[in-house]
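One structure is given here, and the rest of the page talks about it.
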Amino acid sequence: MKTIPYILIAVRFILAPVIIALAYLKGEESRFLILALMYFGLLTDIFDGIIARKVGVSSEKLRRLDSQTDLIFWLSLGFSAYFLNPGLIQNEWQGILLILVMEALCYMVSIWKFGKETCTHAFLSKMWGLSLLIAFTYLIGFQQTGWAFYLTVGLGFVSHIDVILIVLLLPKWQYDVPSSYHAWKIRNGKERKKTVFFN
1 MKTIPYILIA VRFILAPVII ALAYLKGEES RFLILALMYF GLLTDIFDGI
51 IARKVGVSSE KLRRLDSQTD LIFWLSLGFS AYFLNPGLIQ NEWQGILLIL
101 VMEALCYMVS IWKFGKETCT HAFLSKMWGL SLLIAFTYLI GFQQTGWAFY
151 LTVGLGFVSH IDVILIVLLL PKWQYDVPSS YHAWKIRNGK ERKKTVFFN
(Lines of atoms letter the chains of each structure in order from A and count residues from 1; the text may use other names and numbers.)
(Lines give C-alpha, C1' and ligand atoms only; values in the text may rest on other atoms or scores of the structure.)
Protein backbone atom coordinates (compact mmCIF):
# COMPACT_ATOMS: atom_id res chain seq x y z
CA MET A 1 0.00 0.00 0.00
CA LYS A 2 2.85 2.39 0.77
CA THR A 3 4.01 2.32 -2.85
CA ILE A 4 0.58 3.12 -4.32
CA PRO A 5 0.91 6.96 -4.02
CA TYR A 6 4.21 6.79 -5.91
CA ILE A 7 2.65 4.53 -8.55
CA LEU A 8 -0.23 6.99 -9.03
CA ILE A 9 2.21 9.88 -9.43
CA ALA A 10 4.23 7.82 -11.93
CA VAL A 11 1.05 7.05 -13.90
CA ARG A 12 0.28 10.77 -14.15
CA PHE A 13 3.85 11.45 -15.26
CA ILE A 14 3.60 8.79 -17.99
CA LEU A 15 0.25 10.17 -19.14
CA ALA A 16 1.88 13.50 -20.05
CA PRO A 17 3.90 12.33 -23.09
CA VAL A 18 1.05 10.01 -24.10
CA ILE A 19 -1.36 12.94 -24.20
CA ILE A 20 1.05 15.06 -26.24
CA ALA A 21 1.70 12.20 -28.68
CA LEU A 22 -2.01 11.59 -29.17
CA ALA A 23 -2.70 15.24 -29.92
CA TYR A 24 0.27 15.58 -32.26
CA LEU A 25 -0.08 12.29 -34.11
CA LYS A 26 -3.81 11.61 -34.05
CA GLY A 27 -5.20 15.15 -34.04
CA GLU A 28 -8.96 15.57 -34.04
CA GLU A 29 -9.78 11.91 -33.48
CA SER A 30 -7.90 11.93 -30.17
CA ARG A 31 -9.91 14.71 -28.49
CA PHE A 32 -12.17 12.64 -26.29
CA LEU A 33 -9.48 10.08 -25.47
CA ILE A 34 -7.30 12.95 -24.23
CA LEU A 35 -10.18 14.22 -22.12
CA ALA A 36 -10.65 10.74 -20.63
CA LEU A 37 -6.94 10.60 -19.78
CA MET A 38 -7.15 14.08 -18.26
CA TYR A 39 -9.95 13.04 -15.92
CA PHE A 40 -8.15 9.81 -15.09
CA GLY A 41 -5.04 11.85 -14.30
CA LEU A 42 -7.08 14.05 -11.98
CA LEU A 43 -8.29 10.96 -10.12
CA THR A 44 -4.70 9.81 -9.61
CA ASP A 45 -3.91 13.28 -8.24
CA ILE A 46 -6.77 13.12 -5.76
CA PHE A 47 -6.10 9.60 -4.55
CA ASP A 48 -2.31 9.75 -4.25
CA GLY A 49 -2.67 12.29 -1.42
CA ILE A 50 -5.56 10.49 0.26
CA ILE A 51 -3.80 7.13 0.23
CA ALA A 52 -0.47 8.64 1.30
CA ARG A 53 -2.07 10.09 4.42
CA LYS A 54 -3.97 6.87 5.16
CA VAL A 55 -0.83 4.72 5.07
CA GLY A 56 1.43 7.34 6.67
CA VAL A 57 3.82 8.05 3.79
CA SER A 58 2.90 11.68 3.13
CA SER A 59 6.30 13.39 3.21
CA GLU A 60 8.19 16.34 1.77
CA LYS A 61 9.67 14.11 -0.93
CA LEU A 62 6.26 12.78 -1.98
CA ARG A 63 4.60 16.20 -1.96
CA ARG A 64 7.37 17.79 -4.01
CA LEU A 65 7.23 14.93 -6.51
CA ASP A 66 3.45 15.35 -6.70
CA SER A 67 3.74 19.10 -7.36
CA GLN A 68 6.28 18.77 -10.15
CA THR A 69 4.33 15.95 -11.77
CA ASP A 70 1.20 18.13 -11.68
CA LEU A 71 3.08 20.87 -13.52
CA ILE A 72 4.25 18.45 -16.23
CA PHE A 73 0.77 16.92 -16.54
CA TRP A 74 -1.02 20.26 -17.03
CA LEU A 75 1.67 21.53 -19.40
CA SER A 76 1.12 18.44 -21.54
CA LEU A 77 -2.56 19.34 -21.81
CA GLY A 78 -1.59 22.88 -22.75
CA PHE A 79 0.62 21.64 -25.58
CA SER A 80 -2.12 19.26 -26.68
CA ALA A 81 -4.65 22.10 -26.75
CA TYR A 82 -2.28 24.01 -29.00
CA PHE A 83 -1.82 21.09 -31.40
CA LEU A 84 -5.59 20.62 -31.60
CA ASN A 85 -6.63 24.29 -31.62
CA PRO A 86 -3.69 26.50 -32.67
CA GLY A 87 -5.96 29.36 -33.73
CA LEU A 88 -7.78 29.52 -30.40
CA ILE A 89 -4.54 29.41 -28.43
CA GLN A 90 -2.98 32.15 -30.57
CA ASN A 91 -6.03 34.36 -30.07
CA GLU A 92 -5.72 34.03 -26.28
CA TRP A 93 -1.94 34.37 -26.05
CA GLN A 94 -2.05 37.27 -23.57
CA GLY A 95 -3.90 35.28 -20.91
CA ILE A 96 -1.69 32.23 -21.44
CA LEU A 97 1.45 34.35 -21.22
CA LEU A 98 0.20 35.93 -17.99
CA ILE A 99 -0.23 32.51 -16.36
CA LEU A 100 3.17 31.28 -17.57
CA VAL A 101 4.86 34.41 -16.21
CA MET A 102 3.08 34.04 -12.85
CA GLU A 103 4.10 30.37 -12.65
CA ALA A 104 7.71 31.30 -13.38
CA LEU A 105 7.58 34.05 -10.74
CA CYS A 106 6.42 31.56 -8.10
CA TYR A 107 9.42 29.37 -8.82
CA MET A 108 11.84 32.28 -8.99
CA VAL A 109 10.70 33.79 -5.68
CA SER A 110 10.79 30.43 -3.90
CA ILE A 111 14.20 29.44 -5.26
CA TRP A 112 15.56 32.91 -4.45
CA LYS A 113 14.34 32.73 -0.85
CA PHE A 114 14.62 29.05 0.03
CA GLY A 115 16.71 27.42 -2.70
CA LYS A 116 13.92 25.07 -3.73
CA GLU A 117 10.63 25.16 -5.63
CA THR A 118 7.21 25.90 -4.15
CA CYS A 119 5.11 23.05 -2.79
CA THR A 120 2.24 24.84 -1.04
CA HIS A 121 -0.74 22.84 -2.35
CA ALA A 122 -2.73 25.93 -1.38
CA PHE A 123 -6.53 26.00 -1.45
CA LEU A 124 -6.72 28.60 -4.25
CA SER A 125 -4.27 26.53 -6.30
CA LYS A 126 -6.58 23.54 -5.95
CA MET A 127 -9.52 25.68 -7.09
CA TRP A 128 -7.41 26.81 -10.04
CA GLY A 129 -6.74 23.16 -10.87
CA LEU A 130 -10.47 22.50 -11.04
CA SER A 131 -10.93 25.54 -13.29
CA LEU A 132 -8.17 24.19 -15.55
CA LEU A 133 -10.11 20.93 -15.81
CA ILE A 134 -13.20 22.82 -16.97
CA ALA A 135 -11.25 25.06 -19.35
CA PHE A 136 -9.47 22.13 -21.01
CA THR A 137 -12.75 20.25 -21.28
CA TYR A 138 -14.21 23.15 -23.25
CA LEU A 139 -11.03 23.80 -25.22
CA ILE A 140 -10.05 20.24 -26.17
CA GLY A 141 -13.48 18.66 -26.23
CA PHE A 142 -15.60 21.42 -27.73
CA GLN A 143 -13.06 23.84 -29.27
CA GLN A 144 -14.24 26.78 -27.16
CA THR A 145 -12.59 29.25 -24.79
CA GLY A 146 -15.15 31.72 -23.45
CA TRP A 147 -16.04 31.98 -19.76
CA ALA A 148 -14.17 28.82 -18.74
CA PHE A 149 -10.90 30.12 -20.16
CA TYR A 150 -11.27 33.58 -18.62
CA LEU A 151 -12.21 32.08 -15.26
CA THR A 152 -9.04 30.00 -15.38
CA VAL A 153 -6.86 32.99 -16.22
CA GLY A 154 -8.40 35.13 -13.47
CA LEU A 155 -8.28 32.42 -10.82
CA GLY A 156 -4.80 31.42 -11.94
CA PHE A 157 -3.55 34.99 -11.46
CA VAL A 158 -5.08 35.23 -7.97
CA SER A 159 -3.84 31.79 -6.88
CA HIS A 160 -0.29 32.56 -8.01
CA ILE A 161 -0.33 35.83 -6.06
CA ASP A 162 -1.40 33.81 -3.03
CA VAL A 163 1.50 31.37 -3.52
CA ILE A 164 4.00 34.21 -3.85
CA LEU A 165 2.67 35.76 -0.63
CA ILE A 166 2.94 32.38 1.10
CA VAL A 167 6.59 32.10 0.08
CA LEU A 168 7.39 35.66 1.14
CA LEU A 169 5.66 35.27 4.51
CA LEU A 170 7.04 31.87 5.53
CA PRO A 171 10.10 32.11 7.79
CA LYS A 172 11.35 28.78 6.42
CA TRP A 173 10.36 26.51 3.53
CA GLN A 174 7.57 24.06 4.15
CA TYR A 175 4.97 22.21 2.16
CA ASP A 176 1.17 22.06 2.34
CA VAL A 177 0.37 25.63 3.43
CA PRO A 178 -3.32 26.28 2.65
CA SER A 179 -3.15 30.07 2.14
CA SER A 180 -1.18 33.26 2.69
CA TYR A 181 -3.27 33.78 5.84
CA HIS A 182 -1.95 30.49 7.23
CA ALA A 183 1.58 31.53 6.23
CA TRP A 184 1.08 34.79 8.16
CA LYS A 185 -0.02 32.78 11.23
CA ILE A 186 3.06 30.57 10.92
CA ARG A 187 5.28 33.66 10.61
CA ASN A 188 3.78 35.03 13.82
CA GLY A 189 4.45 31.85 15.76
CA LYS A 190 0.92 30.49 15.79
CA GLU A 191 0.57 26.71 15.86
CA ARG A 192 0.52 25.21 12.39
CA LYS A 193 -2.62 23.26 11.57
CA LYS A 194 -2.69 20.78 8.75
CA THR A 195 -5.64 21.56 6.52
CA VAL A 196 -6.66 18.76 4.20
CA PHE A 197 -8.80 19.50 1.17
CA PHE A 198 -9.00 16.86 -1.54
CA ASN A 199 -5.38 16.08 -2.40
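Quick note: the sequence shown, position 85, residue 85 per full-length UniProt numbering, numbers continuous. The C-beta atom is built at its ideal place from N, Cα and C for all residues, glycine as well.
- Pairing L170 with D176, the inter-Cα distance amounts to about 12 Å.
- Here L33 has L22 as same chain residues with Cβ atoms under 7 Å from its own Cβ, once five neighbours each way along the sequence are excluded.
- Secondary structure at M108: helix, using DSSP grouped into helix, strand and coil.
- A contact between stretches requires three or more CB pairs, one per stretch, nearer than 8 Å, and the segment 41–58 fails this requirement with the segment 96–110.
- Between V153 and L124 the beta-carbon gap is near 14 Å, outside 8 Å, which marks them as no contact.
- For G154, the enclosing alpha helix (DSSP H) has its first and last residue at 146–169.
- G87: member of the alpha helix (DSSP H) spanning 86–91, first to last residue.
- DSSP, read as helix, strand or coil, puts A135 in helix.
- Within the same chain, and ignoring the five residues on either side of G141 in sequence, the residues whose Cβ sits closer than 8 Å to its Cβ are R31, F32, L35.
- Ranked by Cα distance from L130, the options L155, K113, K116 are led by L155.
- A distance below 8 Å between beta-carbons, with the five flanking residues on each side excluded, links I134 to the following residues of its chain, in chain order: A148, L151, T152.
- The beta carbon of L15 lies closer than 7 Å to those of L37, G41, F73 in the same chain, with the five residues before and after it left out.
- Sequence-distant Cβ neighbours of A183 in its own chain, meaning closer than 6 Å and more than five residues away, are I166, L169, L170, V177.
- Short of 7 Å from the beta carbon of E92, and not among the five residues preceding or following it, lie these beta carbons of its own chain, in chain order: T145, F149.
- Rounded to the nearest angstrom, the gap between the Cα atoms of H121 and W112 is 19 Å.
- Annotation for W184: the continuous alpha helix (DSSP H) segment containing it runs 180–187.
- Taking L8 as the centre and dropping the five residues before and after it, the same chain places the C-beta of T44, F47, D48 closer than 7 Å to its C-beta, in chain order.
- The beta carbons of L97 and L139 sit no closer together than 9 Å.
- Judged by DSSP in its simplified three-state form, W173 adopts coil rather than helix or strand.
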